[in-house]
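What follows is a single structure, written as structure tokens, with notes after it.
Chains as they are written, first to last, in the UniProt record's numbering: chain A, 1 to 279; chain B, 1 to 261.
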């Protein structure tokens, strides 16, 4: 074995030691890029989730996906063989609906039309805030311009962005996520967005709370080194990067600012490693 | 007094300085004639994303100004020069009227640059995702200018800036901004003249005056167009002169020439 490979293995074992040095009692799993790619399951991930379930290790699926309603996200996962329900899912729309209700806010929704039913009976007349999600093909000039005018017309403009992702892997390549459009609106209006979703600390902490655990007992596994891994680490969780989804070796290993607590080929490797260590 | 450099060139903004919509600012036509009777080189400089040089020339002629088409230097023209000199094959976010300035520089295949102007019909997720993928492959990002918004007939509307920022954020690429207030824009407009031998007259304290002064050009701020009360206090160093309108700026320039001679 060449010296380079030996050194690399040593380094990665050291990385795992750091990952495994204190007890792991629960997981947060990203969906897109970890459980599935587009409409395809990622090999080994269905089995990995099953082994967590049979070992009775609690987890939540923490997604930033807002281009499809919650029931469609779940039905896709079920179709792919994941036995998960609404209780397992943490997604930005229910989280922002809670905030809107608490603060008595009436949103202008820059949201994919399919997702509007998830906002239920929220009053959208005479808006006093804007909520933007991944509107995908509905990101058109006129829709963005309307959102801009709404904010410019508000006395105390409030802007919520459901996640802040730069891009995601679509069927035929990388595609723009909500983040760039949010930056466009921020630049035009001078209003800073409140992020609901990863990498907002509150979002991770709410998910940890939902597991009834402490941040240092939970590992987040994702394919976005900044939003998933760095975001989780910023609030005391351990963050593991998978080499699936939108992972890119050139950019992510090593990354300019984030050092994951572990890097694994896929979800199955992470789960096997941790379960083996536990037993 | 320190060594005074001779004045050789005058850069003049169009909208807000020479005219506002279809109205000429006070005595501007006559003032331009007075300026022409000096030996100073004159360039008309403007940030536009939608009007070709020919269209601007037509409008100014109709308003009574004596202007040659070659004297107009716009942000679109600066982009055209950049595309030409670097042999780029851009994907354009421009409206048809603006594309006139890019005659002979339209390419069907294999783009290696993205030019962002103002093209509401083209600013959509599909096109921006295409541009984003080109940028990831190393394409150059060129912004005609980076204005946040502009006044459209039906209200304030998003300018090119927000879409430039979106692509910069997603791709990690930094855009080259070719319009005012970029130093390259003023340099190109001056051609051979040294910045210290030129003045710029405009109504935008940041883009016209501050941008020009950053390069060493003396800035005249006119109190017409988008000028708002105490704009002259918003920049450091302050404008070289703040005057009521273009005509007064010309008076000041002409009388300073007489003093020198």
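The C-beta atom is built at its ideal place from N, Cα and C for all residues, glycine as well.
Query	Result
Burial state of residue 38 of chain A, where buried means 16 or more other Cβ atoms lie within 10 Å	exposed
The segment 27 to 42 of chain B in contact with the segment 244 to 255 of chain B per 3-pair CB rule at 8 Å	yes
Residue ranges of each alpha helix (DSSP H) within the segment 201 to 235 of chain A, 4 or longer	201 to 210 and 231 to 234
Local Cβ density within 10 Å of residue 21 of chain B, reported as buried at 16 or more and exposed below that	exposed
Residue 137 of chain A at chain B interface by Cβ criterion, 8 Å	yes
CB contact flag (residue 80 of chain A, residue 41 of chain A, <8 Å)	yes
Among A:260, A:253 and A:201, nearest to residue 239 of chain A - alpha-carbon criterion	A:260
Residue 163 of chain A versus residue 24 of chain A: straight-line alpha-carbon distance, rounded	26 Å
Residue 125 of chain B: contacting residues in chain A (beta-carbon distance under 7 Å)	136, 137, 139 and 176
Sequence-distant residues of the same chain with beta carbon closer than 8 Å to residue 135 of chain A, five excluded per side	67, 110, 111, 112, 143, 178 and 181
Nonlocal neighbours in the same chain, by C-beta distance under 6 Å from residue 48 of chain A, ignoring five residues either side	267, 268 and 271
First through last residue of the beta strand (DSSP E) which encompasses residue 129 of chain A	129 to 132
Under 7 Å (Cβ pairs) to chain B, residues found in the segment 145 to 170 of chain A	145, 148, 149, 152, 166 and 167
Three CB pairs or more closer than 8 Å across the segment 18 to 37 of chain A and the segment 217 to 236 of chain A	yes
Nearest neighbour of residue 222 of chain B, chosen from B:169, B:187, B:12 and B:39 [CA to CA]	B:12
Check whether residue 160 of chain B and residue 143 of chain B have beta carbons under 8 Å apart	yes
Under 8 Å between C-beta atoms of residue 183 of chain A and residue 165 of chain B	yes
Other residues of its chain near residue 245 of chain A: CB distance less than 7 Å, five sequence neighbours each side excluded	32, 33, 34, 37, 169 and 223
Beta-carbon neighbours of residue 187 of chain A, restricted to chain B and to distances below 7 Å	148, 161, 162 and 165
Short CB-CB distance (under 8 Å) between residue 246 of chain A and chain B	no
7 Å Cβ cut-off: residues of chain A touching residue 179 of chain B	Neighbours of residue 179 of chain B on chain A: none; closest Cβ ~16 Å, over 7 Å.
Assumed close pair residue 160 of chain A, residue 193 of chain A - CB separation to whole angstroms, cut-off 8 Å	7 Å
Cβ-Cβ distance between residue 88 of chain B and residue 140 of chain B below 8 Å	yes
Under 8 Å between C-beta atoms of residue 48 of chain B and residue 17 of chain B	no
Beta-carbon proximity list for residue 62 of chain A, same chain, < 6 Å, skipping 5 on both sides	28, 90 and 207
Buried/exposed call for residue 158 of chain B, threshold 16 Cβ in 10 Å	buried
Residues near residue 118 of chain A in its chain [Cβ-Cβ closer than 8 Å; skip 5 each side]	69, 70, 93, 94 and 97
Short Cβ contact (8 Å threshold) for residue 120 of chain B with residue 91 of chain B	no
For residue 138 of chain B and residue 211 of chain B, the rounded distance between their alpha carbons	29 Å
Beta-bridge pairing of residue 72 of chain B - partner residues as DSSP gives them	B:44
Chain A within 8 Å of residue 93 of chain B, Cβ atoms only	no
3 or more residues per run - each beta strand (DSSP E) lying fully within the segment 91 to 164 of chain A	107 to 110, 129 to 132 and 159 to 162
Residues bridged to residue 151 of chain B [DSSP beta-bridge criterion]	B:156
Own chain partners of residue 231 of chain B with C-beta closer than 7 Å, once the 5 adjacent residues on each side are dropped	205 and 221
is_contact[residue 138 of chain B, chain A] using C-beta, thresh 8 Å	no
Beta-ladder partner(s) of residue 40 of chain A, from DSSP	A:37
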